[in-house]
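For the record, the sequence lines run as chains D and G.
Letter by letter, the first sequence follows residues 1 to 241 in our numbering.
Letter by letter, the second sequence follows residues 1001 to 1217 in our numbering.
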Amino acid sequence: MNLLPTTVKPDIEDLTPSVRHLLAVFDVPRERTVSATIEGILETAVERFAELADPIAITCNVDRDLFTEIYAGEGKNDEPAPLPGIIANANAFYLFTGTLGSKPEEETAKIMASGEYLMATALDACASLAADYLVDYLQRTLEQELDDPHSRVLGYSPGYCGWHVSGQRALFKVLKPEGIGITLNDSAMMTPRKSVSGVLVEAPLEAHLFLPEFSFCRECTTHSCVSRQQILKLSSSRGAP
Amino acid sequence: MTDQAALVQISEKLRAGDNFAVIDLVKKALAAGIAPKTILDEGMIAGMTIVGEQFRDNLIFLPEVLIAARAMHAGLDILKPELIAGKVPSRGKVILGTVKGDLHDIGKNLVAIMLQGAGYDVIDLGTNVPPDRFIDTALGEGIRIIGMSALLTTTMVGMKQVIDLINSRGLLNQLKTVVGGAPLTARFAEEIGANGYARNAVEAVKLIGDLQESASE
């Protein structure tokens, strides 16, 4: 198997959030208008983010055996968990990692220190959203490349849904992302902070579906699996990709 | 304009996030002979208290809170030399930091900003703070409240290490701990023995105020 990672450089326009997205992150209801001052600060933050971010990612196709080994990692995963079942029914596995670069977080720190708290928080939120969009972008791109109407691609990451965050070490051994500037610290945390990693799993829609009834789901504060599965089902019923 | 009207105006402009107006009004209030502590308590902190209540009640949202905080700090920059010269004591001192292994700081910074806006002195230890540094700084500075932040499920266990160390050093009655961060829950805070859990920066200010009151009783 060719384990040579493929480099992907998305256009920043595909990852830049809108002011409306930022307001949603700040829990501002859709019907609520904000002052011109706030709107102006958020617009500036979005523009600044687009200037500073330098998105880059790498992906690497691995076989089921290798991914099973990577998933097992340091033996710290929760059991039972959804991924073993998904792995068993999947067609293909693509490891990925990507980053927006370090400039947005460096600028965030400077702006925060200057007392422009909303601007700093908005810039940080732009980068967090864009990191999520980067995973969406990789999923979408892979689905288009694979062009299989019977399968869907969804990303799973260490630190979520029972996959222990230490699994990033095993991922990084294969991906070797130091070349694009991503490193891990002792806590398996990525630097730059606005980076993502995991596996894109190509599998029939049904294989991706599970109920959030695992023991670790009680501690989860986001339950983002529910909305991810809803979006997947909805897009499948509409004939996506 | 009466002193009361001037203070109300400072509070209103602060709540509107008009930092330039707050700077101007604070300068005018000082020139009019209003005591710095009165400007702080009855103008600025009064304004931020309303902001906190409105945020709690979902009448305003984080962007409004943050531009009010910007105005608060702009006013504080003018007041601070006067408060120091007058030896006006702060409302209290709090230590904040993100636990060892974790480099996230936005949430922790927001708590620091809101605490300062509420009249507290904050010693911000930054990110990746080892357990003993929280405790040694608290003891060295005579501070009783330690606020800890974490954004990762792997690093939030570092909060327990701090609390365990406080316990092993026999300091549980002396030092109080407050925790917060995206992956945390009230149940987790209770399980690790923290004295409080705050979902956001506004809740953190209220919680720390309550802890401080109970500690001084």
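Yeah, the Cβ is synthetic: ideal placement off N, Cα and C, and Gly gets one too.
Note that this is a predicted model, so its numbers are computed, not measured.
Nearest to residue i (by Cα), restricted to the options the options
i          : options                                        : result
Asn1200(G) : Ala1150(G), His1073(G), Lys1093(G)             : Ala1150(G)
Cys220(D)  : Phe67(D), Pro204(D), Gly162(D)                 : Gly162(D)
Arg1070(G) : Lys1093(G), Ile1192(G), Ala1085(G), Ile1113(G) : Ile1113(G)
Glu1157(G) : Pro1130(G), Gly1170(G), Val1202(G), Leu1079(G) : Checking the sequence shown, residue 1157(G) turns out to be Val, not Glu. Closest option to Val1157(G), Cα to Cα, is Pro1130(G).
Met1048(G) : Asp1210(G), Val1202(G), Val1162(G)             : Val1202(G)
Asp65(D)   : Ile56(D), Ala90(D), Asn77(D)                   : Ala90(D)
Asn185(D)  : Asn1128(G), Gln1174(G), Arg1169(G)             : Asn1128(G)
Arg200(D)  : Glu213(D), Gly179(D), Leu171(D), Val226(D)     : According to the sequence displayed, residue 200(D) carries Leu and not Arg. For Leu200(D), the nearest C-alpha among the options comes from Leu171(D).
Phe1020(G) : Asp1077(G), Ala1189(G), Leu1110(G)             : Asp1077(G)
Cys126(D)  : Gln229(D), Phe26(D), Ser235(D)                 : Phe26(D)
Ile1135(G) : Leu1115(G), Gln1116(G), Gln1161(G), Leu1110(G) : Gln1161(G)
Val1205(G) : Leu1110(G), Asn1058(G), Lys1013(G), Asp1057(G) : Leu1110(G)
Leu129(D)  : Leu4(D), Ser18(D), Ser227(D), Pro5(D)          : Ser18(D)
Gly115(D)  : Met1072(G), Leu1125(G), Phe1188(G), Leu1115(G) : Met1072(G)
Own chain partners of residue i with C-beta closer than 7 Å, once the 5 adjacent residues on each side are dropped
i          : result
Ser1090(G) : Gly1119, Tyr1120, Asp1121
Ile111(D)  : Met119, Ala120, Leu123
Val165(D)  : Pro158, Gly159, Ala188
Met1159(G) : Val1099, Met1148, Ala1150, Val1179, Ile1192, Ala1194
Leu1207(G) : Val1178, Gly1196, Ala1198
Leu232(D)  : Arg152, Leu154, Leu205, His208
Gly198(D)  : Phe96, Gly155, Tyr156, Ser157, Pro158
Leu52(D)   : Lys103, Pro104, Glu107
Own chain, CB closer than 6 Å to residue i, minus 5 neighbours either side, in chain order
i          : result
Ala122(D)  : Leu22, Leu42, Ala45
Asp54(D)   : Gly101
Gly1092(G) : Tyr1120, Gln1212
Tyr82(D)   : It should be pointed out that residue 82(D) corresponds to Pro in this sequence rather than to Tyr. Taken in chain order, the residues that qualify are Cys161, Phe210.
Met1(D)    : Reliability of the predicted coordinates at Met1(D) is poor, the pLDDT of 48 falling under 50, and no value is obtained from them.
Cβ pair residue i, residue j closer than 9 Å
i          : j          : result
Leu1066(G) : Val28(D)   : no
Thr1177(G) : Lys1100(G) : no
Arg1197(G) : Ala1215(G) : Contrary to the premise, residue 1197(G) reads as Tyr rather than Arg in this sequence. Not a contact, by the Cβ cut-off of 9 Å.
Ile87(D)   : Leu175(D)  : no
Leu1240(G) : Lys1037(G) : No statement about residue 1240(G) is possible, as the shown extent of chain G runs from 1001 to 1217 and does not include it.
Ala1068(G) : Ala1016(G) : yes
Leu1096(G) : Lys1108(G) : yes
Leu1152(G) : Asp1105(G) : no
Ala131(D)  : Ser35(D)   : no
Thr16(D)   : Ile56(D)   : no
Val1094(G) : Ile1034(G) : no
Leu288(D)  : Ala92(D)   : The question about residue 288(D) has no answer here: the residues shown for chain D are numbered 1 through 241.
Any chain D beta carbon closer than 9 Å to residue i
i          : result
Phe1061(G) : yes
Lys1064(G) : Looking at the sequence itself, residue 1064(G) is Glu, so the reference to Lys does not match. Yes, contact with chain D.
Asn1167(G) : no
Arg1015(G) : no
Gly1209(G) : no
Gly1101(G) : yes
Phe1188(G) : yes
Below-9 Å beta-carbon distance, residue i vs any chain G residue
i         : result
Phe49(D)  : no
Met1(D)   : Confidence is the limiting factor: at Met1(D) the pLDDT is only 48, short of 50, which leaves the residue's position unreliable and the question unanswerable from this model.
Arg152(D) : no
Val165(D) : yes
Gly115(D) : yes
Ala130(D) : no
Same chain only: Cβ atoms within 8 Å of residue i, ignoring 5 sequence neighbours per side
i          : result
Ser102(D)  : Gly181, Thr191, Pro192
Asp1132(G) : Leu1165
Ile1010(G) : Val1022, Leu1025, Val1026, Ala1029, Ile1039, Gly1043, Met1044, Gly1047, Gly1075
Glu1190(G) : Tyr1197
Pro84(D)   : Tyr71
Proximity test, residue i beta-carbon vs the ligand COA heavy atom, cut-off 8 Å
i          : result
Ala1032(G) : This structure lacks the ligand COA; in fact it carries no ligand of any kind.
Problem - the segment 6-14 of chain D / the segment 129-141 of chain D touching (three or more Cβ pairs under 8 Å) - result: yes
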